[in-house]
Amino acid sequence: MHLAQAQKATGAEAVETVPPAVDLVLGASACCLACVFTNPLEVVKTRLQLQGELQARGTYPQPYRGFMASVTAVARADGLWGLQKGLAAGLLYQGLMNGVRFYCYSLACQAGLTQQPGGTVVAGAVAGALGAFVGSPAYLIKTQLQAQTVAAMAVGHQHNHQTVLGALETIWRQQGLLGLWQGVGGAVPRVMVGSAAQLATFTSAKAWVQKQQWLPEDSWLVALAGGMISSIAVVVAMTPFDVVSTRLYNQPVDRAGRGQLYGGLTDCMVKIWRQEGPLALYKGLGPAYLRLGPHTILSMLFWDELRKLAGRAQHQGT
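Residue 1620 in our numbering sits at position 241 of the sequence shown; the count goes up by one each step and never skips.
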């Protein structure tokens, strides 16, 4: 059920559907705002996902152990600001990816596609795939910057970038334009799964919470509850693809731009399963939830509230 229609169906104040261009701005803004709060968790999650890469469990040093110990380890090695490594690239990614994602999803809602059986899942997946492709260069740089640290705490390949622009210039010079889309084969399935789970479960969960009448129908707490339910589905579905995506983005490449560790999504997943065990596909699950959970909750809450304001402003202006 579409968000505005869900509100009308439960007797809430009628809010007009905002135009797709407005959803683009609101979605990008909401997710960038959430990113400021959740980026430290993304740093920790990236380090845990790279730790012990292609090594059997128990055969490698573990500078990062658990969530709180890992936060402390990052802060000691890189300073408190190290917990915000890659923030600029993260904001760029959130703006690009989610702007495109929410815009395309809004177009699908406007066209009535989400009213068809399974429409929200398909629309969310397609919108997520397009967003992931557009935002892939920013995610590539974000991952590589977040992996960088002092030698004693290093996990995964160290690319030694200094800034976002410096990273763009280095990748462009060494690998050409296509090098900026290294790892996109893992990013697209990752965001397709996450986007489909997020948008489909948020709209249905929000409508279900409204139907139960536990909370005032137009309260922001309804969106908060819907986001909390949605966040669980997102993390469970997305984490294996998230681990693979992190590995593909951070791996070293040869002069032709080919990955030196993995040949693509399937090759990466198989190698992780065989050499590290199936549970390795859920490496960093705790920080992944602590990052993706609050990010999903905050971004969907901000998006929902901003859409209400925009819808009311549009309604009053007509």
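For each residue, glycine too, the CB sits at the ideal point set by N, CA and C.
Buried versus exposed, by CB contacts within 10 Å (16 or more), residue i
i	result
Thr1451	exposed
Phe1620	buried
Thr1438	exposed
Gly1565	buried
Pro1496	exposed
Ala1584	buried
Met1447	exposed
Leu1459	exposed
Ala1413	buried
Gly1643	exposed
Gln1695	exposed
Gln1639	exposed
Ala1435	exposed
Lys1687	buried
CA nearest to the CA of residue i, picked from the options
i	options	result
Lys1424	Leu1660, Leu1685 and Cys1483	Leu1660
Ala1575	Gly1555, Ala1526 and Val1613	Val1613
Gly1503	Ala1487, Thr1645, Val1529 and Val1513	Ala1487
Ala1635	Gln1473, Ala1508, Arg1552 and Gly1406	Arg1552
Val1567	Ala1604, Val1588 and Leu1519	Leu1519
Val1632	Gln1523, Gln1591 and Ile1651	Gln1523
His1540	Thr1549, Gly1406, Tyr1472 and Met1447	Thr1549
Ala1409	Leu1640, Ala1584 and Gly1478	Gly1478
Gln1561	Thr1417, Ala1511, Val1529 and Tyr1482	Ala1511
Gln1428	Tyr1628, Ala1400 and Ala1454	Tyr1628
Thr1493	Gly1564, Thr1582 and Leu1557	Thr1582
Leu1698	Phe1481, Gln1527 and Gln1525	An answer regarding residue 1698 cannot be provided, because it is not within the stretch 1380 to 1697 covered by the chain.
Gly1469	Leu1459, Met1447, Val1501 and Pro1419	Pro1419
Val1453	Leu1671, Arg1426 and Lys1521	Arg1426
Val1615	Ala1689, Arg1670, Gly1643 and Leu1594	Arg1670
Met1476	Ser1515, Gly1491 and Gln1489	Ser1515
Tyr1641	Thr1417, Phe1416, Leu1433 and Val1415	Leu1433
Gln1527	Gly1474, Val1513 and Gln1463	Gln1463
Gly1474	Gly1445, Ala1689, Asp1457 and Val1513	Val1513
Thr1417	Ala1689, Ala1467 and Trp1593	Ala1467
Gly1606	Gly1672, Gly1507, Leu1685 and Lys1687	Gly1672
Gln1525	Ala1586, Ala1689 and Asp1457	Asp1457
Per DSSP, cross-strand counterpart(s) of residue i
i	result
Gly1437	Gly1437 pairs with nothing; no bridge assigned.
Gly1638	Val1632
Backbone CA spacing between residue i and residue j [nearest angstrom]
i	j	result
Gly1498	Pro1398	19 Å
Glu1596	Ile1676	18 Å
Tyr1668	Met1617	10 Å
Gly1656	Gln1591	42 Å
Met1554	Leu1603	The residue asked about is misnamed: residue 1554 is Gln in this sequence, not Met. Those two C-alpha atoms are separated by around 43 Å.
Val1529	Val1563	27 Å
Gln1484	Val1404	One detail in the question is off: residue 1484 reads as Tyr in this sequence, not Gln. Their Cα atoms are separated by approximately 13 Å.
Gly1431	Arg1455	21 Å
Ala1407	Arg1637	32 Å
Gly1465	Val1588	36 Å
Val1505	Leu1578	11 Å
Gln1537	Arg1653	24 Å
Gly1558	Val1401	32 Å
Cys1411	Leu1471	8 Å
Gln1489	Ala1692	19 Å
Leu1600	Val1501	27 Å
Ile1608	Gly1665	17 Å
Lys1662	Val1534	14 Å
Ser1449	Thr1580	31 Å
Leu1685	Gly1507	20 Å
Lys1521	Ala1586	35 Å
Gln1630	Gly1491	41 Å
Ile1611	Ala1517	26 Å
Ala1531	Gly1461	15 Å
Ala1689	Ser1598	16 Å
Glu1421	Leu1594	32 Å
Leu1658	Thr1645	16 Å
Leu1556	Gly1445	38 Å
7 Å Cβ cutoff, residue i in contact with chain D
i	result
Pro1666	Of the protein chains in this structure there is only one, and it is not chain D.
The segment 1680 to 1696 touching the segment 1624 to 1639, judged by at least three CB pairs closer than 8 Å:
no
Given 8 Å as the limit, is there contact between the segment 1537 to 1550 and the segment 1571 to 1586, that is, 3 or more CB pairs closer than that?
no
Does the segment 1439 to 1449 touch the segment 1642 to 1651, meaning 3 or more C-beta pairs lie closer than 8 Å?
no
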